[in-house]
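Reviewing the structure listed below.
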Amino acid sequence: MTLTREWTYDGLAAKVWEGEEEPARIVLIAHGYGEHIGRYEHLAARLVADGAAVYAVDHVGHGRSKGERVLITDFEDVVGDLHGLDDIARHEHPGLPVVLLGHSMGGLIAARYAQRYGDSLAALVLSSPVVGRWDAVTQLLALDEIPDVPLDITTLSRDTRVGEKYAADPIVWHGPFKRPTLAALDRGIDAVAQGPSLGSLPLMWIHGEADPLVPIEGSRSGVEHLRGPDYLELTWPEARHELFNELNADAVMNEVVAFIGQKAAT
1 MTLTREWTYD GLAAKVWEGE EEPARIVLIA HGYGEHIGRY EHLAARLVAD
51 GAAVYAVDHV GHGRSKGERV LITDFEDVVG DLHGLDDIAR HEHPGLPVVL
101 LGHSMGGLIA ARYAQRYGDS LAALVLSSPV VGRWDAVTQL LALDEIPDVP
151 LDITTLSRDT RVGEKYAADP IVWHGPFKRP TLAALDRGID AVAQGPSLGS
201 LPLMWIHGEA DPLVPIEGSR SGVEHLRGPD YLELTWPEAR HELFNELNAD
251 AVMNEVVAFI GQKAAT
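Going by UniProt numbering, the sequence shown opens with residue 1, and the numbers climb by one from there.
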């Protein structure tokens, strides 16, 4: 049975999923652009079943958190927000190993977090991360006006129900990018590229080879810069952007849970 608890800190909406027994590890989740932590219920439940306490927060401007919708002016601040959640999790479960998992924009946040606080982590998992090169940012910033074009929901998953549910979700952002957020993304990608490698921190990179939103080859250079000797790369030929919502999501989650369990054993 998965138990949940919600609260706010500094105007940010946070949630924890836990089992009835004492956890063996902590997993922090950093979600992607425009979405919210409620879209990770199934992943959290799978991690809890394997002994984790799972903590996540709606980033500023997202979900139920404070701020103008999808407006992020500095990803260093978002990393700081996530570190605040880390502090809460460690206070509630002292002494447990902590793993960070980031998806898409959350992968950028997680990568930068690991560069700043990697010594405190047991492992890092990057899912379809915005690191290395993301041509969409450069192309959009070059335009005089950001087009108000909704996300093509077919890019998320081969499972059509995923896109339909996304389109109907009232706290998912369905409007255009905002220029300050794009500029912050551009600076964040550069900060990761200019920052240190992760050395001995165990790193898992998962990506769909048919991901049209964050193409795999753009992310590869960023991951290669980050990775150290303890590294696992798993890609799936026909999978799109949201691997945890793909047709093979169970297999993906099994791989991630196994990696986390191995690297964050107590």
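All C-beta atoms, glycine included, are put in the ideal place defined by N, C-alpha and C.
Asked	Found
For ALA184, the three-state DSSP class (helix, strand or coil)	helix
Sequence-distant residues of its chain with Cβ nearer than 6 Å to LEU3 (five each side left out)	GLU18
Cβ shell of MET105 (< 6 Å), same chain only, five flanking positions each side left out	GLY32, TYR33 and VAL130
Nearest residue (CA-CA) to LEU28, options ALA123, ILE206 and GLY163	ALA123
Beta-carbon proximity list for ASP135, same chain, < 7 Å, skipping 5 on both sides	GLY218
Reduced DSSP secondary structure (H/G/I, E/B, other) of VAL125	strand
Secondary structure, alpha helix (DSSP H): runs of 4+ residues fully inside the region 41 to 70	41 to 49
Enclosing beta strand (DSSP E) for TYR231 [first to last residue]	231 to 236
Three-state class that DSSP yields for GLY106 in the structure shown	helix
Any non-hydrogen atom of the ligand NAP closer than 6 Å to VAL130 Cβ	What this structure holds is no ligand at all, so the ligand NAP is not there to describe.
Contacting residues, own chain, Cβ-Cβ under 6 Å from ALA45 (five flanking each side not counted)	THR2
Rounded distance between the beta-carbons of ALA193 and GLY222, thought under 8 Å	7 Å
Selected residue, minimal CA-CA separation from SER127, among ILE216, LEU201, GLU22 and LEU71	ILE216
Limits of the beta strand (DSSP E) - the one that VAL27 falls within	25 to 30
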